[in-house]
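S.K.:
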Amino acid sequence: MRRASLRTLFALLLAGVGFGLAQAAGACEIPAPVATIDPPGFYDDAAGYAREAKPMRNFIAKLNASADKSDWSCALDQLQAWAKADALMGRITGYQGHYERSWAGTDFAMVLLRMPADFRERHQAQIGAIAPWLERIAVATRNAEAINHLHNNLVYWAGLDLTAIGTVTGNSDLINSGLLRVREGIRDIGPDGALAREVKRGNRALHYHTFALIPLVFAAELVQRRNIDLYRENDHAIGRLAKLVTDAVIDPASFTRITQVKQDLFPWTLQDELCWMEPYYAHVHDPKLPALIAPRRPFSEWRLGGNVTAAWGAALPGH
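Following numbering that gives the first Met the number 0, the numbering of the sequence shown begins with 0 at its first residue and continues without gaps.
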């Protein structure tokens, strides 16, 4: 074979290899299902927590990436693979795993809620195969005494898990159980917008007020389609908590009226955990919020299906 022909053949082979790599890169990646999630406590053993939570968090990252790319077929395949394996439903011996499974279930439901209605209609069989697994996650969360006895932000998050999964599956009992927990959070909001149990978190009080607000806002958004207005309850309590957090973002010194303890924030506290501002602004159009939202976009929260801005954001004036 002449040298020119060899070069041509080699080029064709390289092209074929490149095409194969491109196909592989575009394939739907489905991490191996995780049988259970049972890490040590986040504050007890940070390294152990990160190590044990990583496989589940890796799956959620892949799932949310599919949603962010509108690759709904891949997202559905990913969820169906884990549903078939009954992932995350193994025995939990500690307490942190109950929180993690609750957050994961919320994320799975939020991804399904991001899917366009026509796509969901065409894939009802696959979604129907996923639904019983999600309901098992919700029931396990509902029955988790490791969460129920706390009466703090984790109960509100469990309420969002139940509400989101109940919304996806059409299960009114789960939604009602979720509302009990979310309404507990709304009742907990004081006249000054503070949550007494979260104030007790000392130097993390502002962080946990922000974190507690997320499930209350998103649950309020989900049940609006059932003609339930949680924003009005307890004399517009969610608005008081939102104002407290918003004021603290604008002027951290304002939080000293709640506690004199110097606040220690996580890097994500005043970034992605302000994602509640997206649906909240779309609902109330608080004029303080656009200046806070715009430089932080896009908000991405692993517990809420990925890109919250894409799923829930409204146009901002001047942007």
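For glycine and all other residues, C-beta sits at the position ideal for the given N, C-alpha and C. Owing to the predicted nature of the structure, the values given are computational and were not obtained by experimental measurement.
Can you give the beta carbon distance from Leu194 to Gln262, rounded, assuming they're within the 8 Å contact cut?
M.R.: About 14 Å; that fails the 8 Å criterion.
S.K.: So Ile146 packs on Tyr98, CB below 8 Å; how close in whole Å?
M.R.: That belief holds up - the Cβ atoms of Ile146 and Tyr98 are roughly 7 Å apart, short of 8 Å.
S.K.: From which residue to which residue does the alpha helix (DSSP H) around Glu51 run?
M.R.: Run containing Glu51: Ala45 to Asp67, per the alpha helix (DSSP H) assignment.
S.K.: Could you pull out every residue in the same chain whose Cβ sits closer than 8 Å to the Cβ of Ser171, ignoring the five residues on either side in sequence?
M.R.: Counting only Cβ-Cβ distances below 8 Å, and skipping sequence neighbours, we find Gly165.
S.K.: Just the C-alpha distance for Asp70 and Pro190, rounded to the nearest angstrom, thanks.
M.R.: Answer to the nearest angstrom: the Cα atoms are 44 Å apart.
S.K.: Just to confirm the assignment, what range does the alpha helix (DSSP H) spanning Tyr207 have?
M.R.: Ala204 to Val222 is the extent of the alpha helix (DSSP H) around Tyr207.
S.K.: Return the Cβ separation of Ala362 and Pro294 in integer angstroms, given the expectation that the two are a contact with Cβ distance under 8 Å.
M.R.: Look at the range of the chain in this structure, 0 to 318, and you will see that residue 362 is not part of it.
S.K.: Use the C-beta contact count for Glu144: other C-beta atoms within 10 angstroms, 16 or more gives buried, fewer gives exposed.
M.R.: When all chains shown are included, Glu144 counts as exposed.
S.K.: Please go through the same chain and pick out, in chain order, the residues whose beta-carbon is closer than 7 Å to the beta-carbon of Ile126, but skip the five residues on each side of it.
M.R.: Excluding residues within five positions, the ones whose Cβ falls inside 7 Å are Leu111 and Arg119.
S.K.: Which runs of the alpha helix (DSSP H) spanning at least 4 residues fall entirely within the stretch 130-171, listed in chain order?
M.R.: Within the stretch 130-171, the complete alpha helix (DSSP H) runs of at least 4 residues are 144-147 and 152-168.
S.K.: Put Glu197 into one of helix, strand or coil per three-state DSSP.
M.R.: Helix, per DSSP.
S.K.: Distance, Cα to Cα, Ala281 vs Trp311?
M.R.: For Ala281 and Trp311, the distance between alpha carbons rounds to 8 Å.
S.K.: What residues are listed by DSSP as bridge partners for Ser299?
M.R.: According to DSSP, Ser299 bridges with Asn306.
S.K.: So, with DSSP's three-state summary, where would you put Ile188?
M.R.: Strand.
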